[in-house]
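Worksheet: one structure, shown below.
Protein chains: 2
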Amino acid sequence: MKGEGLKIVISGPSGSGKGTIVQELLKQGDYKLSISATTRKQRTGEIEGKHYFFKSKQEFDSMIEKDEMLEYAKFCNNYYGTPKEYVDNTIKLGHDIILEIEVQGALQVKKKYNEAVFIFIMTPTFKELKNRLVSRNTESMDIINNRLTRACEELSLFKEYDYIVINDNLEDAIREINTIVAAEKLKSGRYENFIKNVLANQEA
Amino acid sequence: MKGEGLKIVISGPSGSGKGTIVQELLKQGDYKLSISATTRKQRTGEIEGKHYFFKSKQEFDSMIEKDEMLEYAKFCNNYYGTPKEYVDNTIKLGHDIILEIEVQGALQVKKKYNEAVFIFIMTPTFKELKNRLVSRNTESMDIINNRLTRACEELSLFKEYDYIVINDNLEDAIREINTIVAAEKLKSGRYENFIKNVLANQEA
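Sequences listed follow chains A and B, in order. Here the first sequence stands for residues 1 to 204, numbered as in the numbering used here. Here the second sequence stands for residues 205 to 408, numbered as in the numbering used here.
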């Protein structure tokens with residue numbers, strides 16, 4: 001059964017390793033990545049339509065107004081969002097698309113795409129999350145503590161997600177996500193046409 | 205994540221190969237099989253609590269009355285049903301249990317166990333279903349045609365199931381069911397205690 005691709009929303013606290021997981025899925029598997037739009041200035045080396053869709057503030061506002069954004073947020077005076085059109089076109093071509101989105105954005109997406117697959121990535125323990133953030137050695141304890149508070153808030157919303165993947169080991173996490181995607185493709189909702197055809201061709 | 209076992213309801217038309225699939229799952233995997241109760245007389249070689257739980261009509265009626273049957277039906281003047289207790293005890297021990305039940309029974313089970321995993325087995329085409337029934341060479345065309353009519357009725361209820369597995373090839377079908385079961389174990393609903401513990405042990 002081929003058909004439309006899946007929309008796979010992946011969230012997880014800072015330090016959960018979701019970025020690495022997404023990069024590994026893109027490398028190993030047959031996934032596409034959703035491309036964000038932003039009002040931030042294009043930087044040297046960044047390619048339009050690959051790293052971002054670069055938009056003026058007016059264009060971004062207009063996309064919001066026309067309901068062309070799956071979710072958006074303001075960060076450091078710039079807007080970031082997920083254009084619906086790119087996602088829709090990608091799944092129509094049969095590709096599974098990954099949307100790496102923080103929890104509040106994922107909840108916005110859920111309102112528009114209830115049929116998307118929502119996966120939450122977490123470390124085995126909270127302590128482990130802290131260790132990973134600390135061992136990066138790039139942020140002050142203030143920032144780390146902010147991230148941990150946010151992780152706590154995000155974790156309390158786990159029920160909004162369909163699946164939890166505990167990233168104890170990258171290989172296992174990747175295998176689990178591939179398993180989820182394979183099972184989702186066997187969901188009865190995707191077999192409407194198949195059943196219709198079977199019933200219409202009883203003598204064929 | 206261990207926890208409770210899954211309740212896996214498997215249905216499919218006569219000729220879909222669901223019986224072979226279930227036997228193969230039991231042989232290869234770590235599954236238990238739900239044991240039916242019946243008012244039919246115990247036959248030589250049949251073992252109480254293995255092949256069936258043998259019950260008098262009074263006992264069976266009393267189980268229905270006490271809501272101890274997940275589903276039941278009358279067939280050739282005998283009652284057949286699925287006792288709830290055996291299923292509940294099995295999953296509490298962490299075993300995944302398979303309930304091989306025809307569609308009407310499955311719909312009864314769904315009312316009691318909405319959280320169970322419902323899998324519908326079908327051949328790739330209707331013609332193939334017919335071929336398999338004919339090639340058994342054990343039944344008259346009248347009986348085969350009855351079975352095909354029933355298959356058609358059952359197929360039209362496919363949306364009541366969570367997943368469809370097309371049994372084109374036994375090995376693939378087994379792998380798909382194992383994939384479904386693995387993915388179901390990653391469902392967020394099973395992680396309530398995990399998240400609770402993570403949040404309660406932020407300093408641990």
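All C-beta atoms in this analysis are idealised placements derived from N, C-alpha and C, irrespective of residue type, glycine included. As the structure is a prediction and not an experimental result, all values here were calculated from the model.
* Can you grab the Cα-Cα spacing for the pair A/T82 / B/Y290, in whole Å? => Cα to Cα, A/T82 sits roughly 49 Å from B/Y290.
Of the residues A/A183, A/K55 and A/Y161, the one placed nearest A/T39, counting alpha carbons only: For the residues A/A183, A/K55 and A/Y161, the minimum Cα distance to A/T39 belongs to A/K55.
How should B/E388 be labelled, buried or exposed, when 16 other C-beta atoms within 10 angstroms of its C-beta is the threshold for buried? With 16 or more Cβ atoms within 10 Å of its Cβ, B/E388 is classed as buried.
**Asked** What residue from A/K130, A/L25 and A/R175 has the CA that sits closest to B/Q406's CA?
**Response** If we check each option's Cα against that of B/Q406, A/K130 comes out closest.
- request: Could you pull out every unbroken alpha helix (DSSP H) segment of at least 4 residues lying fully inside the segment 5-63 of chain A, listed in chain order?
  value: 18-28, all fully within the segment 5-63 of chain A.
Requested in this report: Return the residues of the segment 169-193 of chain A that lie within a Cβ-Cβ distance of less than 7 Å from chain B, sorted by chain order.
Outcome: For the segment 169-193 of chain A, which is checked against every Cβ of chain B, the residues closer than 7 Å are E176, T179, I180, A182, A183, L186, K187, S188 and Y191.
Checklist entry - Taking only beta-carbon atoms, is A/L155 less than 8 Å away from chain B? => result Residue contact check for A/L155 against chain B: a CB pair falls below 8 Å.
Item to complete: Figure out for me which residue from A/L6, A/L155, A/K57 and A/S135 has the closest Cα to the Cα of A/A95.
Response: Note on residue identity: the sequence assigns His, not Ala, to residue 95 of chain A. Ranked by Cα distance from A/H95, the first of A/L6, A/L155, A/K57 and A/S135 is A/L6.
query = Roughly how many angstroms lie between the CA atoms of A/T138 and A/I121, to the nearest whole one?
reply = One alpha carbon belongs to A/T138, the other to A/I121, and they sit about 22 Å apart.
- Message: Going by C-alpha to C-alpha distance, which of B/I323, B/I295, B/E272 and B/E263 sits closest to B/N282?
- Response: Checking every option, the nearest Cα to that of B/N282 belongs to B/E263.
Practice problem: Mind checking the segment 57-69 of chain A against chain B and listing, in chain order, the residues whose C-beta falls within less than 8 Å of any C-beta there? | Solution: Going along the segment 57-69 of chain A in chain order, one finds no residue with a Cβ nearer than 8 Å to chain B.
- [ ] Could you tell me the distance, in whole angstroms, from the CA atom of B/Y276 to the CA atom of B/F257?
- [x] Between the alpha carbons of B/Y276 and B/F257 lies a gap of roughly 13 Å.
* To do: Along the beta strand (DSSP E) that carries A/N78, what are the first and last residues, could you check?
  => Membership of A/N78 in the beta strand (DSSP E) is indicated by the continuous run N78 to P83.
Going by C-alpha distance, which of A/E48, A/Q104 and A/K57 is nearest A/L70?
Closest by alpha carbon: A/Q104.
Expected contact under 8 Å - CB spacing of A/I177 and A/E100 to nearest Å: Not a contact, Cβ separation roughly 12 Å.
Worksheet item: Quick one: what's got a C-beta closer than 8 Å to A/V117's C-beta in the same chain, skipping five residues either side?
Response: Closer than 8 Å at the Cβ level, and outside the excluded window around A/V117, lie L6, K7, I8, V9, D162, Y163, I180, V181 and E184.
Margin query: For B/A310 and B/E358, what's the separation of their Cα atoms in angstroms?
Written below: C-alpha separation (whole angstroms): 11 Å.
A/K185: first and last residue of the uninterrupted alpha helix (DSSP H) it sits in:
For A/K185, there is no enclosing alpha helix (DSSP H), as DSSP marks it with neither H nor E.
Exercise for the section: Using the Cα positions of B/G207 and B/I347, report the straight-line distance between them to the nearest angstrom. Expected result: Their Cα atoms are separated by approximately 44 Å.
Beta-carbon proximity check, B/L229 vs B/I302, cutoff 8 Å: In contact: B/L229 and B/I302 (Cβ atoms closer than 8 Å).
Whole-angstrom distance between A/V198 and A/C152, CA atom to CA atom: Taken atom to atom, the span from the alpha-carbon of A/C152 to that of A/V198 is near 49 Å.
According to DSSP, B/K206 sits in a beta bridge with which residue or residues? BP columns for B/K206 are empty, so no partner.
Worksheet item: Which one of B/K261, B/K222 and B/F362 has the shortest CA to CA distance from A/G189?
Response: Taking only the C-alpha atoms, the option nearest A/G189 is B/F362.
- prompt: Which partner residues does A/I91 have in the DSSP bridge list?
  reply: Beta-bridge pairing links A/I91 to no other residue.
Identify the residues that DSSP records as bridge partners of A/D96: which are they? Answer by DSSP bridge pairing, in chain order: A/Y31.
*Under a three-way DSSP split, which group does B/Y395 fall into?*
Residue state for B/Y395 is assigned as helix, using DSSP reduced to three classes.
> When DSSP labels each residue in this structure, what does A/Y113 get in the three-state scheme?
Replying inline: Correct three-state label for A/Y113: coil.
Taking the alpha carbon of A/S34 as the point to measure from, which residue in A/E171, A/I64 and A/V109 has its own alpha carbon closest? Nearest to A/S34 by alpha-carbon distance, out of A/E171, A/I64 and A/V109, is A/V109.
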